[in-house]
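Going down the list, the sequences are from chains G and C.
Be aware that the first sequence starts at -13, since it is given in our numbering, and climbs by one per residue.
Be aware that the second sequence starts at 6, since it is given in our numbering, and climbs by one per residue.
A short worksheet on the structure shown next.
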Amino acid sequence: MKLSATTRTADETHALGRRIGALLRAGDVVVLEGELGTGKTVFAKGIAVGLGVREPVVSPTFTVVREYDAPTPLVHVDVYRLDHLQELHDLGFDDLIGDEAVTVVEWGDRVGALLPADRLDVHLELGAGDDDRSVWLEAAGMSWAERRDPLVAAVAGD
Amino acid sequence: MLLLAIDTATAQVSVAFGDQGAVSGQVQLAGGRRHAEQLAPAIDYLRRELGVRLDHLAAIAVGTGPGLFTGLRVGVTTAKVMAQALRIPVVGIPSLDLVAYPLRHTDRTIVAVLDARRHEVFAARYRPVPGGVQRVSDYAVHAPAELIADLLAEAALEPHGLLLAGDGVARFPEEFSALEHAELAGSEFASPSVAALVTLATARAEREEFEPPGELRPLYLRQSDAEIAWGDRAAAG
Chain G
-13 MKLSATTRTA DETHALGRRI GALLRAGDVV VLEGELGTGK TVFAKGIAVG LGVREPVVSP
47 TFTVVREYDA PTPLVHVDVY RLDHLQELHD LGFDDLIGDE AVTVVEWGDR VGALLPADRL
107 DVHLELGAGD DDRSVWLEAA GMSWAERRDP LVAAVAGD
Chain C
6 MLLLAIDTAT AQVSVAFGDQ GAVSGQVQLA GGRRHAEQLA PAIDYLRREL GVRLDHLAAI
66 AVGTGPGLFT GLRVGVTTAK VMAQALRIPV VGIPSLDLVA YPLRHTDRTI VAVLDARRHE
126 VFAARYRPVP GGVQRVSDYA VHAPAELIAD LLAEAALEPH GLLLAGDGVA RFPEEFSALE
186 HAELAGSEFA SPSVAALVTL ATARAEREEF EPPGELRPLY LRQSDAEIAW GDRAAAG
């Protein structure tokens, strides 16, 4: 299932993340793709709010992984600093992607071999205006097929 | 022959001491994710309860997976370090074999299935043979639906049907219910059997089929040796 949206400001990107976050269930994996400055972390912060995370979410670029407590906990991963898939294993990635939490992986497309096929890919691109972003979403797997209508509504901003 | 057996391929930590191929005592901890904290104290507890002297051990046996990376690394590293410190050999046996072996008295094809997380399972198929089981597939990681489609395609060729075992089956009950004629092994067969590890590793040790501790590798099955493609990363490294 492929969907797309355009956001005009960082706030709109955040709001889109928030609406998606409200749909997420424990065990979901969300991959955020896009060049530096396209708003991956902004989107991830929106997801956190949608999940009910109360602490401020900061970029995990240097710590690689940050975990946040919420009714459905969030594991926020950024693989940008890693050179080798082995390093992701060394962080206990098997245990991080569990059934108990939502996992959001920035630059996750680069470590696709280690991610489940059932996941939501979110690709962010610069748009025409300075703050415009084109957001492409692709959801795979049974559990997303079940959530098709709410996902369509969340992307449309309803 | 006195042997220490360790399997940490699943959420469970299993430890046993074996003597002449029979289990003298075993401990199972179903804590999940706490292999590093639990394994050494479990070995020490069992050693003291049984009055085993580690310098009397003839070999260390370890389940090599496939399984969860963190647990496997703890188990395999512990086995290697102990083997090196005690100057004794180490014997690695795949953990899926340890799910299948206790079911060897069936006439069905055994499918050992362990939860791989991320909606995937590790699996291998076995045929019962006199005295044990013989693996008839590769060790592989699958989406449950993919494994089940493979098994359904082959079901016509299997006159005695399938016997499913391992925690991966209980993890995906709806999916596996598609295999209508398959028999499910009980929950006591959900984890790799450390008793099977004692039996199989003792036989291997008696034949002196050892691996140098430095060469023992867990079966991860998932790609881990590749570099991440970063053609576009600023200031790489």
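The beta carbon of each residue, even a glycine, is placed where N, CA and C say it ideally should be.
Establish whether the CB of G:Y54 and some CB of chain C are separated by less than 9 Å. Residue contact with chain C for G:Y54: absent (no Cβ-Cβ distance below 9 Å to any residue of chain C).
Since C:E125 meets chain G, which of its residues come closer than 7 Å, beta carbon to beta carbon? Correct list: P102.
Nearest-angstrom Cα separation, counted from C:Q33 out to C:T114: Distance between the alpha carbons of C:T114 and C:Q33: 27 Å.
Closer than 8 Å: C:R222 CB and nearest the ligand NAD heavy atom: Only the bare structure without any ligand can be found here, which leaves the ligand NAD out of the picture.
Please list, in chain order, all residues of the same chain as G:T89 whose beta carbon is under 6 Å from its beta carbon, the five residues on each side excluded. The answer, listed in chain order, is V15, V61 and I83.
Could you confirm whether any beta carbon from chain C is found closer than 9 Å to the beta carbon of G:E92? By this cut-off, G:E92 is not an interface position.
Outcome for C:G123 when other beta-carbon atoms lying within 10 angstroms are tallied against a minimum of 16: Before going on, a small fix: residue 123 of chain C reads as Arg here, not Gly. The C-beta of C:R123 has 16 or more other C-beta atoms within 10 Å across all chains shown, which makes the residue buried.
Considering only C-alpha positions, which residue in the set C:G76, C:A117 and C:L62 is nearest to C:A190? Nearest neighbour of C:A190 by Cα position, chosen from C:G76, C:A117 and C:L62, turns out to be C:A117.
Compare the C-beta of C:L73 with all C-beta atoms of chain G and state if any pair is closer than 9 Å. It does: the Cβ of C:L73 has a partner Cβ on chain G nearer than 9 Å.
Would you say the stretch 121 to 133 of chain G touches the stretch 31 to 49 of chain G, given that touching needs at least three Cβ pairs under 8 Å? A contact between stretches requires three or more CB pairs, one per stretch, nearer than 8 Å, and the stretch 121 to 133 of chain G fails this requirement with the stretch 31 to 49 of chain G.
Sequence-distant residues of the same chain with beta carbon closer than 6 Å to C:Q228, five excluded per side: Answer for C:Q228: no residue qualifies.
Determine, using beta carbons only, whether C:Q228 comes closer than 9 Å to chain G. Using a Cβ-Cβ cut-off of 9 Å, C:Q228 counts as an interface residue toward chain G, since at least one Cβ of chain G sits closer than that to its own.
Just verifying my parser: in three-state terms, what is the DSSP assignment at C:A160? Helix.
Helix, strand or coil: which one does DSSP assign to G:W122? Of the three classes helix, strand and coil, the one that applies to G:W122 here is strand, per DSSP.
Between C:R238 and chain G, is any beta-carbon pair separated by less than 9 Å? Closer than 9 Å: yes.
Please confirm if C:Y106 has its CB atom under 9 Å from at least one CB of chain G. Contact of C:Y106 with chain G is not assigned, every C-beta pair being separated by 9 Å or more.
Could you say which of G:A99, G:R105, G:D117 and G:R134 lies nearest to C:Y225 if we only look at CA atoms? Comparing alpha-carbon positions, the option among G:A99, G:R105, G:D117 and G:R134 lying closest to C:Y225 turns out to be G:A99.
Distance, Cα to Cα, C:A241 vs G:Y66? Below a pLDDT of 50, predicted positions are generally treated as unreliable, and C:A241, at 44, falls in that range; no measurement from the model is reported.
Expressed to the nearest angstrom, what Euclidean distance is found between the alpha-carbon atoms of C:G68 and C:E213? Going by the C-alpha atoms only, they are around 18 Å apart.
Boundaries of the alpha helix (DSSP H) in which G:H62 is found, first to last residue: Looking at the DSSP string, G:H62 is not in any alpha helix (DSSP H); the run it does join, the beta strand (DSSP E), is L60 to D64.
So is C:A234 in contact with chain G if we call contact Cβ pairs under 9 Å? Put simply, the CB of C:A234 is near chain G, with a gap under 9 Å to one of its CB atoms.
How far does the alpha helix (DSSP H) with C:S229 in it extend, from its first residue to its last? The continuous stretches of alpha helix (DSSP H) do not include C:S229, and DSSP gives it neither H nor E.
Would you tell me roughly how many angstroms separate the C-alpha atoms of G:P57 and C:Q43, rounded to the nearest one? About 28 Å.
Three-state secondary structure (DSSP) at C:H40? In the structure shown, C:H40 sits in a helix (DSSP, three-state: H, G or I).
Using only the alpha-carbon positions, how far apart do C:A41 and C:G76 sit? Within the model, the alpha-carbon separation for C:A41 versus C:G76 is close to 8 Å.
By how many angstroms is the C-alpha of C:V96 removed from the C-alpha of C:L8? Going by the C-alpha atoms only, they are around 10 Å apart.
Chain G within 9 Å of C:R122, Cβ atoms only: Using a CB distance cut-off of 9 Å, C:R122 counts as an interface residue toward chain G.
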